[in-house]
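The structure under discussion appears below in the form of structure tokens.
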Amino acid sequence: MTTNYAHPLSGTLGAEPPRHILSLSGGKDSAALAIYLRDRVPEIEYIFHDTDKELPETYDYIGRLEAILGKPIVRTTPVDSFDHWLTVYRGMLPSNHRRWCTKMLKLKPFEAYVGDGPVINYVGLRADENRTGYISTKPNILAVYPFQDDGLVRADIMRILEESGLGLPPYMDWGRSRSGCYFCFYQQKIEWVRLLETHPSYFELAQAYEEKAVQFGEQFFWCQNEPLRELAKPQRVAKIKADWEKAQARKKANRKALSLVETLGGLEVEDDSHLRDGCLVCSI
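Residue numbering for the sequence shown follows my numbering, starting at 1 and increasing by one per position.
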């Protein structure tokens, strides 16, 4: 890392030295950043905001990362659960227009953990992406972007993960592209199909939340304008798969030659441009 970060409050009369904190989502970029900073910022604190709605593969990935880092990853489990906040919001499920899940289950626990002292918060945005999202605006928290500052791109992140022995998150093995709750509304339809096939019990739980929402005066679909009950029908599943295969074929035909690190071991990394609309604290 070539950049030395200084918090704006550093050197202020009576100001304490800043804490260094990295929030892990269970995604590949924040995991790679944790490994990248392990020896560069020895005093760094690693935290994971456990919503209790994560996939089992996410917990496995966090556990293996913890072993590689050689220090604990603090779990900042919210005091109040998703179901508690769902009641507070009168049955209104979260969506991309009302992301109370990120606010109450990720940001609030993060800010409670941080407190009011100066903090440098490390964020895993790469140099090859132009992405914005939900980050705390508390004045004592300074967000910094080491990958962008040091010019690291996707290939570098892949190299870091491969060389560390961690690899990609295991949920990517069955085709999910992002971390976050199993019912995340930013999932693509093909990801809902893969959730149905890989974790049918979680799909059923997401469907139950969706169908219960109508009792509160509003019909809501996790997957835009299509209820999960319809999406799960065999003919619809087949159509979604066929459409996805066609779209992937078009992308592959137009894609430039893949780098060696992307094809290492036969692994072809899926384009992640659709992740740009997600909440940073949830999906990096």
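Glycine is no exception: its CB is placed at the ideal position from the N, C-alpha and C atoms. For clarity, every value in this text was computed on a predicted model and none was experimentally measured.
Helix, strand or coil at Ile47 according to DSSP, with G and I counted as helix: Taking the first residue of the sequence shown as 1, we reach residue 47 at position 47. In this structure, Ile47 counts as strand in the three-state DSSP scheme.
With three or more C-beta pairs closer than 8 Å as the rule, is the segment 64–72 touching the segment 34–42? yes
For Glu157 versus Asp29, is the C-beta spacing smaller than 8 Å? As a first step, residue 157 must be located in the sequence shown, where it is residue number 157. As a first step, residue 29 must be located in the sequence shown, where it is residue number 29. Note that residue 157 is Ile in the sequence shown, not Glu. The answer is yes: Cβ separation under 8 Å.
For Ala143, which residues does DSSP report across the bridge? The sequence position of residue 143 within the sequence shown is 143, counting from 1. According to DSSP, which records beta bridges pairwise, Ala143 is partnered with Asn121.
Is it buried or exposed, His7, if we count other Cβ atoms within 10 angstroms and call 16 or more buried? The residue you call residue 7 lines up with position 7 of the sequence shown. It is buried - the Cβ of His7 has at least 16 other Cβ atoms within 10 Å.
Strictly by DSSP, which residues pair up with Ile21? For this step, residue 21 is matched to residue 21 along the sequence shown. Looking at the DSSP assignment, Ile21 forms a beta bridge with Glu45, Asn121.
Beta-carbon spacing of Asp128, Arg159 below 8 Å: By one-based count along the sequence shown, residue 128 stands at place 128. By one-based count along the sequence shown, residue 159 stands at place 159. It is not a contact, given that the beta carbons lie outside the stated cut-off.
Go through its chain and collect everything with a Cβ distance to Thr198's Cβ below 7 Å, but skip five positions before and after it. For this step, residue 198 is matched to residue 198 along the sequence shown. Contacts found: Trp174.
At what residue ranges does the segment 199–260 contain a whole run of the alpha helix (DSSP H), taking only runs of 4 or more? 200–213, 228–231, 234–254
Can you say whether Thr51 is buried or exposed, counting buried as having 16 or more other CB atoms within 10 angstroms of its CB? Taking the sequence shown and counting its residues from 1, one reaches residue 51 at position 51. So Thr51 ends up on the buried side.
If we count the other Cβ atoms within 10 Å of its Cβ and call it buried at 16 or more, is Ala112 buried or exposed? As a working note, residue 112 is residue 112 in the sequence shown. So Ala112 ends up on the exposed side.
If you check the beta carbons only, do Pro228 and Lys189 fall under 8 Å apart? Walking along the sequence shown from the start, residue 228 turns up at place 228. Walking along the sequence shown from the start, residue 189 turns up at place 189. The sequence given here has Leu at residue 228, not Pro. The answer is no: Cβ separation not under 8 Å.
Output the boundary residues of the alpha helix (DSSP H) element that contains Ile160. As a position in the sequence shown, residue 160 is number 160, starting the count at 1. Its alpha helix (DSSP H) spans residues 154–164.
Check Val193 in the structure and name its three-state DSSP category. Taking the sequence shown and counting its residues from 1, one reaches residue 193 at position 193. In this structure, Val193 counts as helix in the three-state DSSP scheme.
Proximal residues to Asn254 (C-beta, below 8 Å), its chain only, five neighbours per side dropped: For this step, residue 254 is matched to residue 254 along the sequence shown. Excluding residues within five positions, none has a Cβ falling inside 8 Å.
Within the same chain, show all residues whose beta-carbon is closer than 6 Å to that of Ile284, passing over the 5 residues directly before and after it, in chain order. Within the sequence shown, residue 284 is the residue found at index 284, counting from 1. Taken in chain order, the residues that qualify are Ser25, Gly27, Asp29, Ser30, Gly124.
Apart from the five residues just before and just after Tyr5, which ones in its own chain have a Cβ nearer than 7 Å to its Cβ? Indexing the sequence shown from 1 puts residue 5 at position 5. Excluding sequence neighbours, Tyr5 sits near Ile120, Val144.
Assuming Glu46 and Leu22 make a contact with CB atoms under 8 Å, what is their CB distance in whole Å? On the sequence shown, residue 46 is found 46 positions in, with the first residue counted as 1. On the sequence shown, residue 22 is found 22 positions in, with the first residue counted as 1. Residue identity check: residue 46 is Tyr in the sequence provided, not Glu. Yes, they are in contact, since the Cβ atoms of Tyr46 and Leu22 sit about 6 Å apart, within 8 Å.
Measure from the alpha carbon of Tyr61 to the alpha carbon of each residue in Gly167, Pro94, Thr137, then state which is nearest. Here residue 61 is taken as the residue at index 61 of the sequence shown, counted from 1. Taking only the C-alpha atoms, the option nearest Tyr61 is Gly167.
To which residues of the same chain is Gln219 closer than 8 Å at the C-beta, ignoring the five residues directly before and after it? Start at 1 with the first residue of the sequence shown, and residue 219 comes out as number 219. Contacts found: Ala213.
Quick one: residues in its chain with C-beta nearer than 8 Å to the C-beta of Gln148, no 5 flanking neighbours on either side, listed in chain order? For the purposes of this step, residue 148 is taken as the residue at position 148 of the sequence shown. Cβ neighbours of Gln148 beyond the five flanking positions: Leu125, Arg126, Ala127.
Measure from the alpha carbon of Glu211 to the alpha carbon of each residue in Arg236, Gly91, Thr87, Asn130, then state which is nearest. The residue labelled residue 211 in the question sits at position 211 within the sequence shown. Among Arg236, Gly91, Thr87, Asn130, the Cα nearest to that of Glu211 belongs to Gly91.
Using alpha carbons as the reference points, say which of Leu69, Val193, Leu152 lies closest to Lys239. For the purposes of this step, residue 239 is identified with residue 239 of the sequence shown, where counting begins at 1. Cα-wise, what sits closest to Lys239 is Val193.
Assuming Arg64 is part of the alpha helix (DSSP H), what are its boundary residues? By 1-based counting over the sequence shown, the position of residue 64 is 64. 56–69 is the span of the alpha helix (DSSP H), which, as asked, contains Arg64.
Specify the secondary structure class of Val79 as computed by DSSP and reduced to three states. Along the sequence shown, one-based indexing puts residue 79 at 79. Looking at Val79 - three-state DSSP - the assignment turns out to be coil, as it is neither helix nor strand.
Among Asp39, Cys184, Lys108, Phe183, whose alpha-carbon lies nearest the alpha-carbon of Thr76? As a first step, residue 76 must be located in the sequence shown, where it is residue number 76. The shortest Cα separation from Thr76 among Asp39, Cys184, Lys108, Phe183 belongs to Lys108.
Integer-rounded CB distance, given that Cys282 should sit under 8 Å from Lys106: The count along the sequence shown starts at 1 and reaches residue 106 at position 106. The count along the sequence shown starts at 1 and reaches residue 282 at position 282. Confirmed, about 6 Å.
Where does Ile35 sit, in a helix, a strand or coil, going by DSSP? Here residue 35 refers to the residue found at position 35 when the sequence shown is read from its first residue. Here Ile35 sits in helix by DSSP.
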